[in-house]
Amino acid sequence: LPQSFGARCWGSSSGWIVTFDFKLELHMLNPFSGVRIRLPDPPPQRDPFIHSNDEDRKIILEIKRLEQVEKVVVLGGDEYDDDCVVVVIYDFKMCRVAYTRPKYDQSWTFVRTPKTCRAYDVVRRGSQILIVYGNGGLGCFDISADEGGQPVRAREYVPAPPPEFLGSLPGLLHGIYLVIFLCFFGKELDDGQDDYISIFDGYVRYQTVYIEVHKLNFDTKIWEEITDIGDVALFVGNNCSMAVRASATPNCRRNCIYFNDDTSKCWAAAKDDGSLLVGGHDMGIYRIEDEEIERFYQGGDIHSLFCPPVWFMPKF
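The opening position of the sequence shown corresponds to residue 1 in the numbering used here, with each subsequent residue numbered one higher.
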């Protein structure tokens with residue numbers, strides 16, 4: 001895709017790819033129609049990087065600036081759709097949240113989240129946007145209460161689980177993803193309630209070695225570990241978290257999690273043997289049933305310092 005050259009990219013389930021280039025501009029790109037929509041400039045933040053006259057150092061600094069936008073999620077369909085909302089998780093230290101509605105807004109609306117909570121992922125349920133924090137808790141804000149771009153405050157939706165819950169995960173807790181099933185098996189759930197699944201992605205030396213799947217019990221507000229998600233495949237990583245019905249999706253396996261490389265802060269890290277470790281090498285399929293990971297395509301042409309492969313779902 002020529003329009004994505006030299007840019008960080010995030011895939012979505014609504015036909016869009018979001019790009020963030022070295023000009024620090026954000027766009028929504030439809031790779032099939034070629035439609036490209038300019039989004040508001042990223043929320044302002046302090047440049048934490050030291051300037052340098054060394055040309056090689058300048059290149060690394062420019063790549064590091066792209067890391068200030070952690071994730072962009074498109075929630076909705078057409079850019080002219082009343083329901084289309086774009087949420088950005090930004091500020092590599094704090095992972096703050098802001099959103100914009102392409103049809104209406106010329107700027108970002110900031111979401112006030114607890115200062116001690118880093119946002120990892122978002123999903124939408126009606127007019128509500130749910131945020132999953134690094135401590136396992138959920139926050140929530142309502143876009144229908146928008147007051148002309150004034151900051152909104154995220155309220156607590158589900159409290160953080162006890163510290164021992166996350167402490168039970170060995171190694172470094174790297175990522176938490178939130179996935180919503182609106183039509184779990186192609187029909188509405190009997191109780192009319194959506195299912196949310198939180199996925200804890202563990203890394204050791206920048207290599208995915210296990211994934212735990214937890215389902216939220218809405219009555220007790222407790223995450224319950226599950227080992228079977230049925231005829232569903234999940235797609236997580238450097239993109240909008242997605243769920244599909246495996247039997248209706250060609251070449252897709254049930255009860256599996258497809259993950260890609262989203263450890264952006266390590267895409268230029270050095271391995272123990274001194275060789276350069278770049279983004280794109282840590283991708284695979286996690287089989288929930290037997291807790292095994294299959295690695296798929298590992299050709300060197302997928303490696304990148306700032307934009308490895310992403311998951312993307314077209315809409316025709």
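Glycine included, every Cβ here is placed at the ideal spot set by N, Cα and C.
Contacts around residue i, its chain only, beta-carbon distance under 6 Å, and the 5 residues preceding and following it disregarded
| i | result |
| --- | --- |
| P163 | none |
| T100 | P40, V86, W108 |
| D262 | G237, N238 |
| S4 | T19 |
| V74 | S12, S14, W16, V86 |
| F235 | M242, Y258, W311 |
| F110 | A98, P151 |
8 Å CB neighbourhood of residue i in its chain, flanking five on each side removed
| i | result |
| --- | --- |
| R112 | P151, V152, R153, A154 |
| T249 | A233 |
| E224 | H214, K215, L216, N217 |
| R253 | A233, A246, I285, R287 |
| F312 | G11, S12, I17, P31, N239 |
Counted within 10 angstroms of its Cβ, other Cβ atoms place residue i as buried (16 or more) or exposed
| i | result |
| --- | --- |
| T19 | buried |
| P159 | exposed |
| N260 | buried |
| V209 | exposed |
| N255 | buried |
| P325 | A question about residue 325 goes unanswered here, because the residues of the chain that appear run from 1 up to 316. |
| R295 | exposed |
| I226 | exposed |
Distance cut-off 7 Å: residue i Cβ against heavy atoms of the ligand SAM
| i | result |
| --- | --- |
| E147 | This structure simply doesn't include the ligand SAM, nor any ligand for that matter. |
Range of the contiguous beta strand (DSSP E) that encloses residue i
| i | result |
| --- | --- |
| F20 | 17–21 |
| R8 | 7–11 |
| C140 | 138–142 |
| K71 | 69–75 |
| Y297 | Segment: none, Y297 is in no beta strand (DSSP E) and carries neither H nor E. |
| M94 | From DSSP, M94 is part of no beta strand (DSSP E); its letter is neither H nor E. |
| Y258 | 256–259 |
| T109 | 109–112 |
| G284 | 284–287 |
| M242 | 242–245 |
| H27 | 26–29 |
| E217 | Checking the displayed sequence, the identity of residue 217 turns out to be Asn instead of Glu. Taken as a continuous stretch (DSSP letters only), the beta strand (DSSP E) holding N217 covers 208–217. |
| W223 | 222–225 |
| F235 | 232–236 |
Nearest-angstrom Cα separation, counted from residue j out to residue i
| i | j | result |
| --- | --- | --- |
| N239 | Q128 | 20 Å |
| Y297 | E147 | 47 Å |
| Y258 | Y104 | 34 Å |
| K221 | Y177 | 17 Å |
| R38 | L26 | 6 Å |
| H214 | D228 | 10 Å |
| Y157 | G137 | 8 Å |
| I293 | P308 | 19 Å |
| D91 | E212 | 27 Å |
| I285 | E291 | 10 Å |
| V132 | D121 | 6 Å |
| R36 | W16 | 9 Å |
| V310 | I143 | 27 Å |
| I288 | Q106 | 43 Å |
| H281 | P43 | 30 Å |
| P2 | L130 | 33 Å |
| A145 | A98 | 14 Å |
| F22 | M28 | 15 Å |
| V69 | A119 | 12 Å |
| Q207 | F141 | 34 Å |
| T116 | G230 | 35 Å |
| A7 | F306 | 7 Å |
| P161 | G134 | 11 Å |
| M283 | S304 | 13 Å |
| V123 | V72 | 12 Å |
| P114 | I89 | 14 Å |
Contacting residues, own chain, Cβ-Cβ under 7 Å from residue i (five flanking each side not counted)
| i | result |
| --- | --- |
| G34 | none |
| G76 | S14, D83, C84, V85 |
| P31 | L1, I17 |
Any chain B beta carbon closer than 8 Å to residue i
| i | result |
| --- | --- |
| I89 | Annotation note: the requested chain B is absent from the structure, which comprises a single protein chain. |
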